[in-house]
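Residue numbers (my numbering): 54 to 332.
Every residue, glycine too, gets a C-beta built ideally from N, C-alpha and C.
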Amino acid sequence: MHKRTYLHIVTGLLLTGAALPTAAQQLPVTSGFSYADIADMALAAPVAAGVEIRRATLLKGKDAAGVARGRARFYIEADVKSLIRGTGGLPAKITYLVDVPTDSANRPPKLRKARMLLLASQVAGRPGEIRLIGPRAQLPWTPENEARIRAILTEALAGGAPPRISGIGNAFHVPGSLPGESETQIFLKTDDGRPISLAILRRPGEQPRWAVALGEMVDNSAEPPRPETLLWYRLACGLPANLPENSLAEAAGADLDAIRADYRLVLAGLGPCGRTTER
């Protein structure tokens, strides 16, 4: 499709309030990204690619309708340098729209020859055109950002990858035969129905231990998930701050307090998700 025709189609959709055929979004170019930020986008994106911007055309007037104050809209033509994910591949040259911050004098950035990482989807019926999947889905290319994307997708596409946590099931607490000895088990709900559970074990004179079971059997000798792994992300970003009351329906008194304390132990061990407020 000719560029001017494409831009007029975009403008018409903006004026009618329809969704853009490619993402024109309020997109920081140089802000930092946490592991969770990148995982959110990488797991949702059918396409992940490294590109070099060959031409960045600043859009004005009707072609920039709806751009927020302090932003500038560009029509990007880029050369694909690496394809990290993308069934069927990508053409060597692609196009997309993006809104980027301007500086304090309202001047747009220089994007030509910049290297970027894109998390996107292909536009049906328009070869070479992509749609960014979110407002931060153009990342500055750095070795660290690319390595994170590759590691996340490698884990996610491997057999037995941990599924997304969708809720908390029942929780149980069993005191041991010695004072200070106990075990708590908390069952988690997942998108695909696979069982995941947390086991927290306390023994006299020892630090409490907790482990994750991705299946029916719990291995109490297992270690908590390492930070910046897919299992850690699923738990740290998927578990609620507090156990829901329906998960505690079969507990009372001291058992109830113990379950809540053990759940707080797990959350503290995981640490914060690290997801930023801008998505």
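Spatially closest choice to residue i from the options, by CA coordinates
i	options	result
Ala304	Asn223, Ser135, Arg107, Pro144	Asn223
Gln260	Leu136, Gly233, Leu251	Gly233
Gln175	Gly139, Asp152, Ala200, Thr282	Gly139
Glu281	Ala167, Leu206, Leu112	Leu206
Distance between residue j and residue i (C-alpha atoms, nearest Å)
i	j	result
Met94	Ile183	15 angstroms
Trp285	Leu150	33 angstroms
Gln48	Leu172	The requested residue 48 is not part of the displayed model; the chain covers only 54 to 332.
Val82	Val153	At Val82, the pLDDT of 37 sits below 50, so the modelled position is not reliable and the matter cannot be decided from this model.
Ala264	Gly141	39 angstroms
Leu185	Asp310	46 angstroms
Ala200	Arg165	24 angstroms
Pro180	Ala102	15 angstroms
Arg262	Arg126	51 angstroms
Gly324	Asp132	39 angstroms
Three-state secondary structure (DSSP) of residue i
i	result
Glu105	strand
Lys166	coil
Asp315	helix
Ser300	helix
Arg124	strand
Ala321	helix
Thr329	coil
Arg287	helix
Local Cβ density within 10 Å of residue i, reported as buried at 16 or more and exposed below that
i	result
Gly255	Before going further, note that residue 255 is Arg rather than Gly in the sequence given. Looking at its Cβ environment, which holds 16 or more other Cβ atoms inside 10 Å, Arg255 is buried.
Val20	Residue 20 lies beyond the stretch modelled for the chain, which goes from 54 to 332, so this question has no answer here.
Gly291	buried
Ser235	buried
Ser230	exposed
Tyr316	buried
Arg160	exposed
CB contact below 8 angstroms: residue i versus chain C
i	result
Ala173	Here chain C cannot be found, since the structure has a single protein chain.
In chain order, each beta strand (DSSP E) run of at least 3 residues that lies wholly inside the stretch 186-234: 191-193, 218-228
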